[in-house]
Amino acid sequence: VREDVFAFTVSTFKDKNAKAEEEVTKLILKSYINGAFNALDPEAMRAGFHPDFAIFSADGENISKYPIAAWADGVEKKKNDPNFDPAKNKWEHNFASVDVTGGSAAVKVELFHEGKHVFTDYLSLLKFDSGWKIVAKVYHKH
C-alpha cells in the first residue's frame with residue numbers, strides 16, 4: 001500500500017507540473033515569441049510580462065535594465081515603421097529547457113533568424129493570483 005501511495009503522489013506531481021509547464025510555454029509563445037518577435041504585438045507583451053519586468057545585462061561592472069514599457073513601445077514603433085517588412089521578421093525558437101517548481105519557473109529559449117542562432121534567452125516567471133507573468137530576462141547574443 002505504501003508504494004501505491006508514493007506512486008500516486010509522484011504521478012499527481014508530474015501531472016500538475018506538466019500542466020504548469022504547458023501554461024508557461026503557451027504564455028511565452030504568445031507574449032514573447034509572437035509578441036516581441038514574429039507578430040510584433042505590444043499588447044500581448046504588456047499582458048504576459050509583469051509591469052516591473054526588465055531585461056538585465058552587464059555593463060562593465062554595472063547592471064543595465066531595459067524595462068518592459070520601453071521594449072513594448074519600441075516593438076510598436078518598429079511595427080508601425082513604413083519601412084518594416086514583416087516577411088523578413090520570421091523567428092524560429094527552441095525551448096531548450098522549461099523548469100517549473102511551484103509558482104516559479106525558468107525557461108531557456110534559443111532564437112534563430114534566417115537559420116542563424118541569434119539569442120539564447122533565460123526567462124524567469126512567477127505565478128501571481130492572475131496567472132503566470134514573465135518577470136525578468138537575461139540573454140546571450142551569439
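Residue numbers (the numbering used here): 1 to 142.
From the three backbone atoms N, C-alpha and C, an ideal C-beta is built for every residue, glycine too.
Model, not experiment: these values are computed from the prediction.
- Put simply, the backbone Cα of F112 is about 26 angstroms away from that of S104.
- Less than 9 angstroms separates the beta-carbon of H50 from that of V135.
- Nearest neighbour of G115 by Cα position, chosen from I63, M45, K88, Y139, turns out to be K88.
- Distance between A36 and N62, taken at the CA atoms: about 25 angstroms.
- Distances from the alpha-carbon of I28 to those of D15, N17, T101, A47 put A47 closest.
- Distances from the CA of M45 to each of F56, A72, I55 were compared; the closest alpha carbon is that of A72.
- Rounded to whole angstroms, the separation of the alpha carbons of N38 and F119 is 14 angstroms.
- Rounded to the nearest whole angstrom, the C-alpha separation of K79 and D99 is 32 angstroms.
- Within the region 12 to 80, complete alpha helix (DSSP H) segments of at least 4 residues are found at 42 to 48, 68 to 80, given in chain order.
- Listed in chain order, the non-local C-beta contacts of I33 below 6 angstroms within the same chain comprise H93, local neighbours out to five positions each way being set aside.
- Per DSSP, D121 is one residue of the beta strand (DSSP E) stretching across 116 to 128.
- Checking the DSSP bridge columns, you'll see F112 partnered with E92, H117.
- When rounded, the separation of the alpha-carbon atoms in D129 and K65 is 26 angstroms.
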